[in-house]
Amino acid sequence: MTAHHDAVVVGAGIVGAACAEALSRSGMSVLVLDASFAGSGTTAAGMGHLVVMDDSPAQLALTAYSGRLWAALAPELPRNVEHEACGTLWVAEDDEQLEAVRAKQGVYADAGVATEILSPAQLAEAEPHLRPGLAGALLVRGDAVIYPPNGARALLKRAITNGATLREGVRVNAIGAREVIAGNERISCDCVINAAGALVPELTPGIPIVPRKGHLVITDRYPGFCRHQLVELGYLTSAHTMTTESVAFNVQPRATGQMLIGSSRELVGWDGSINRSIVRRMLDRALDFMPGLALASAIRTWTGFRPTTPDKLPLIGSWDEMPGLWIAAGHEGLGITTSVGTGQLLADLITGRAPAIDPAPFAPSRVLAGVGAH
Amino acid sequence: MAINGAAAELNIVVDDQRIRVAAGTTVAAALFNLGTEAFRRSVSGEARGPVCGMGVCFECRVTIDSRPHQRACLIAVADGMHIRTATEA
Numbered sequence: 001m002t003a004h005h006d007a008v009v010v011g012a013g014i015v016g017a018a019c020a021e022a023l024s025r026s027g028m029s030v031l032v033l034d035a036s037f038a039g040s041g042t043t044a045a046g047m048g049h050l051v052v053m054d055d056s057p058a059q060l061a062l063t064a065y066s067g068r069l070w071a072a073l074a075p076e077l078p079r080n081v082e083h084e085a086c087g088t089l090w091v092a093e094d095d096e097q098l099e100a101v102r103a104k105q106g107v108y109a110d111a112g113v114a115t116e117i118l119s120p121a122q123l124a125e126a127e128p129h130l131r132p133g134l135a136g137a138l139l140v141r142g143d144a145v146i147y148p149p150n151g152a153r154a155l156l157k158r159a160i161t162n163g164a165t166l167r168e169g170v171r172v173n174a175i176g177a178r179e180v181i182a183g184n185e186r187i188s189c190d191c192v193i194n195a196a197g198a199l200v201p202e203l204t205p206g207i208p209i210v211p212r213k214g215h216l217v218i219t220d221r222y223p224g225f226c227r228h229q230l231v232e233l234g235y236l237t238s239a240h241t242m243t244t245e246s247v248a249f250n251v252q253p254r255a256t257g258q259m260l261i262g263s264s265r266e267l268v269g270w271d272g273s274i275n276r277s278i279v280r281r282m283l284d285r286a287l288d289f290m291p292g293l294a295l296a297s298a299i300r301t302w303t304g305f306r307p308t309t310p311d312k313l314p315l316i317g318s319w320d321e322m323p324g325l326w327i328a329a330g331h332e333g334l335g336i337t338t339s340v341g342t343g344q345l346l347a348d349l350i351t352g353r354a355p356a357i358d359p360a361p362f363a364p365s366r367v368l369a370g371v372g373a374h
Numbered sequence: 375m376a377i378n379g380a381a382a383e384l385n386i387v388v389d390d391q392r393i394r395v396a397a398g399t400t401v402a403a404a405l406f407n408l409g410t411e412a413f414r415r416s417v418s419g420e421a422r423g424p425v426c427g428m429g430v431c432f433e434c435r436v437t438i439d440s441r442p443h444q445r446a447c448l449i450a451v452a453d454g455m456h457i458r459t460a461t462e463a
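So this is what it looks like as structure tokens:
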């Protein structure tokens with residue numbers, strides 16, 4: 001007989017870790033279960049870009065809120081989380097994109113996020129290896145990068161300090177009403193948080209989350225070659241159009257001097273093999289913006305699966321089909337950023353506090369009504 | 375190496391030091407002859423040098439003519455070559 005817990009979190013990815021941290025900080029007794037080990041799934045495959053994004057007002061609210069929470073947490077994070085306040089440069093290729101940069105600046109300002117517009121000369125000075133002739137960029141200084149698996153572990157460590165228990169290598173077979181079944185164990189609790197990412201539907205049928213594959217390439221060390229997270233302005237088009245295949249220029253400097261090169265998106269189920277043709281397209285896109293990257297050695301390529309919802313917003317809140325069940329999943333490519341906002345929002349909803357942001361757009365029940373599915 | 379035993383010599387520059395080495399010498403051998411201990415530095419700053427001597431271990435990487443991460447054990451010295459050791463990269 002396992003002891004009763006106030007909350008059982010299923011999945012110790014960064015979202016589950018952040019939920020455990022926020023719930024345990026609220027005084028709840030929390031058990032975290034992971035079929036493998038903490039941060040080993042989608043969390044380990046991601047870039048770790050803490051980024052404010054504005055595809056929708058709800059996405060902007062959640063990413064900006066999460067950005068503030070990360071900034072407050074940053075001084076307390078262990079060194080191995082590799083938190084680097086490098087900022088993001090949204091790179092505009094032409095005057096039309098520069099117009100979009102100006103519009104983006106206004107949208108960010110309304111959300112309380114400070115930005116600066118860089119002229120072509122300022123951009124060339126900030127990032128000398130970008131190709132000449134670009135139109136400019138939007139600099140978001142508050143954005144940062146972390147090493148996600150250690151970010152998840154740091155959040156779990158805080159949860160454990162608050163009294164939470166982490167059990168790794170425990171596969172949950174079923175989620176029932178106020179209970180979790182794992183092998184021969186039946187664990188009773190007041191609430192279950194399904195934070196199993198793209199695996200959520202296996203335990204909670206009816207949740208429309210699908211895996212969206214991505215590739216990343218990491219280079220050898222070239223310290224100083226790039227200084228900011230670089231993203232093409234067209235990234236949103238790539239990220240939020242549910243075409244079968246897309247690539248975008250996305251390069252990130254790591255604390256080691258290495259560079260992470262992304263990004264790709266494919267809907268191919270759970271096939272994790274390397275797709276050489278899309279890696280080629282992804283690298284060609286990167287070389288188009290940074291020709292000097294051609295001299296860099298790529299030392300490893302891997303894939304991962306983003307948990308994707310039909311309306312590209314995560315599901316955060318109660319799942320009324322099952323008493324005591326809450327969902328915190330479906331963060332697509334923004335889970336590292338939005339993990340901390342998700343954890344806080346969920347803990348506020350569970351404990352009946354007023355959340356800092358409107359939870360309505362994230363309510364899991366919207367998928368039952370088909371609202372927002374487009 | 376010439377038949378009569380006198381090796382042809384080339385000029386190279388290792389970390390701003392000009393030296394003469396026999397043609398046909400690998401960069402790794404030239405650095406060993408100089409007494410170089412840190413061909414490169416690991417992420418945590420440890421000194422690293424050749425282990426395998428055949429291009430597999432990647433521990434002997436140096437910067438050659440401004441190009442980082444070149445395997446010293448696989449490359450022969452060339453006249454006028456500039457080699458930088460113990461760099462972060």
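Protein sequences appear in the order of chains B and A.
Taking this note's numbering, the leading residue of the first sequence gets 1, the next gets one more, and so forth.
Taking this note's numbering, the leading residue of the second sequence gets 375, the next gets one more, and so forth.
Don't be surprised by glycine CBs; every beta carbon is placed ideally from N, CA and C.
All values derive from a computational prediction rather than experimental measurement.
Output the distance between the C-alpha atoms of residue i and residue j, rounded to the nearest integer angstrom.
{"i": "Val15 of chain B", "j": "Glu411 of chain A", "result": "45 Å"}
{"i": "Asp348 of chain B", "j": "Pro355 of chain B", "result": "6 Å"}
{"i": "Leu69 of chain B", "j": "Arg265 of chain B", "result": "28 Å"}
{"i": "Thr459 of chain A", "j": "Phe432 of chain A", "result": "14 Å"}
{"i": "Ala381 of chain A", "j": "Arg285 of chain B", "result": "49 Å"}
{"i": "Leu60 of chain B", "j": "Arg306 of chain B", "result": "19 Å"}
{"i": "Gly317 of chain B", "j": "Ser297 of chain B", "result": "44 Å"}
{"i": "Val10 of chain B", "j": "Val417 of chain A", "result": "35 Å"}
{"i": "Glu321 of chain B", "j": "Asp190 of chain B", "result": "15 Å"}
{"i": "Ile207 of chain B", "j": "Pro201 of chain B", "result": "5 Å"}
{"i": "Ile350 of chain B", "j": "Leu283 of chain B", "result": "44 Å"}
{"i": "Ser44 of chain B", "j": "Thr303 of chain B", "result": "According to the sequence shown, residue 44 of chain B is Ala rather than Ser. Ala44 of chain B and Thr303 of chain B: Cα-Cα distance of roughly 10 Å."}
{"i": "Ala85 of chain B", "j": "Tyr108 of chain B", "result": "18 Å"}
{"i": "Gly335 of chain B", "j": "Ala195 of chain B", "result": "11 Å"}
{"i": "Pro120 of chain B", "j": "Trp90 of chain B", "result": "12 Å"}
{"i": "Val395 of chain A", "j": "Pro442 of chain A", "result": "22 Å"}
{"i": "His374 of chain B", "j": "Leu313 of chain B", "result": "Confidence in His374 of chain B is poor, its pLDDT being 43 and thus under 50, which makes the residue's placement unreliable; the coordinate value appears in the next sentence. Computed Cα separation, rounded: 12 Å."}
{"i": "Gly133 of chain B", "j": "Gly333 of chain B", "result": "30 Å"}
Looking at the unbroken alpha helix (DSSP H) that takes in residue i, where does it start and where does it end?
{"i": "Glu185 of chain B", "result": "Careful: Glu185 of chain B lies outside any alpha helix (DSSP H), inside the beta strand (DSSP E) at 185-194."}
{"i": "Thr338 of chain B", "result": "335-351"}
{"i": "Gln97 of chain B", "result": "95-110"}
{"i": "Thr165 of chain B", "result": "Looking at the DSSP string, Thr165 of chain B is not in any alpha helix (DSSP H); the run it does join, the beta strand (DSSP E), is 165-168."}
{"i": "Ala64 of chain B", "result": "57-73"}
{"i": "Val200 of chain B", "result": "200-203"}
{"i": "Val401 of chain A", "result": "401-408"}
{"i": "Ala7 of chain B", "result": "Not the alpha helix (DSSP H): Ala7 of chain B falls in the beta strand (DSSP E), residues 5-10."}
{"i": "Thr461 of chain A", "result": "Note, Thr461 of chain A: premise wrong, no alpha helix (DSSP H); not H, not E."}
{"i": "Ala45 of chain B", "result": "42-45"}
Could you give the residue range of the beta strand (DSSP E) that holds residue i?
{"i": "Val406 of chain B", "result": "Limits of chain B in this structure are 1 at one end and 374 at the other, which puts residue 406 of chain B out of reach."}
{"i": "Ser318 of chain B", "result": "315-318"}
{"i": "Met455 of chain A", "result": "455-458"}
{"i": "Gln391 of chain A", "result": "391-396"}
{"i": "Ile14 of chain B", "result": "It is not in any beta strand (DSSP E) - Ile14 of chain B instead sits in the alpha helix (DSSP H) that spans 14-25."}
{"i": "Ile327 of chain B", "result": "325-329"}
{"i": "Glu375 of chain B", "result": "Residue 375 of chain B lies beyond the range of chain B shown here (1 to 374); nothing can be said about it."}
According to DSSP, simplified to helix, strand and coil, what is residue i?
{"i": "Arg178 of chain B", "result": "coil"}
{"i": "Leu213 of chain B", "result": "It should be noted that the sequence gives Lys, not Leu, for residue 213 of chain B. Lys213 of chain B: strand per DSSP, three-state reduction."}
{"i": "Asn385 of chain A", "result": "strand"}
{"i": "Thr437 of chain A", "result": "strand"}
{"i": "Pro291 of chain B", "result": "helix"}
{"i": "Met259 of chain B", "result": "strand"}
{"i": "Glu127 of chain B", "result": "coil"}
{"i": "Ser264 of chain B", "result": "strand"}
{"i": "Ala354 of chain B", "result": "coil"}
{"i": "His374 of chain B", "result": "With a pLDDT of only 43 at His374 of chain B, under 50, the local geometry of the prediction cannot be trusted, and no value is derived from it."}
{"i": "Arg141 of chain B", "result": "coil"}
{"i": "Glu116 of chain B", "result": "strand"}
{"i": "Pro404 of chain B", "result": "Because chain B here runs from 1 to 374, residue 404 of chain B falls outside it and cannot be looked at."}
{"i": "Val367 of chain B", "result": "helix"}
{"i": "Arg414 of chain A", "result": "strand"}
{"i": "Ile160 of chain B", "result": "helix"}
{"i": "Thr421 of chain A", "result": "Note that residue 421 of chain A corresponds to Ala in the displayed sequence, not to Thr. It is a strand residue."}
According to DSSP, residue i sits in a beta bridge with which residue or residues?
{"i": "Phe37 of chain B", "result": "Per DSSP, none; premise fails for Phe37 of chain B."}
{"i": "Gly87 of chain B", "result": "For Gly87 of chain B, which the question treats as bridged, DSSP gives no partner whatsoever."}
{"i": "Phe305 of chain B", "result": "B:Lys213"}
{"i": "Gly136 of chain B", "result": "B:Ala92"}
{"i": "Arg276 of chain B", "result": "DSSP lists no partner for Arg276 of chain B."}
{"i": "His49 of chain B", "result": "B:Val145"}
{"i": "Val30 of chain B", "result": "B:Ala7"}
Checklist line | Contacting positions in the region 292-306 of chain B - beta carbon closer than 8 Å to chain A | finding: Leu295, Ser297
Note to self: Please list, in chain order, the residues of the region 56-78 of chain B that have any C-beta partner in chain A closer than 9 Å.
What the structure shows: none
Item checked: Contact set between the region 213-225 of chain B and chain A, restricted to residues whose Cβ is under 7 Å from the partner -> Asp220, Arg221, Tyr222, Pro223
Notebook entry, point to check: Going along the chain, which residues of the region 413-432 of chain A sit with their C-beta nearer than 8 Å to a C-beta in chain B?
Noted result: Val417
Note to self: Tell me which residues of the region 255-267 of chain B have at least one Cβ-Cβ distance to chain A shorter than 7 Å, keeping chain order.
What the structure shows: Thr256, Gly257
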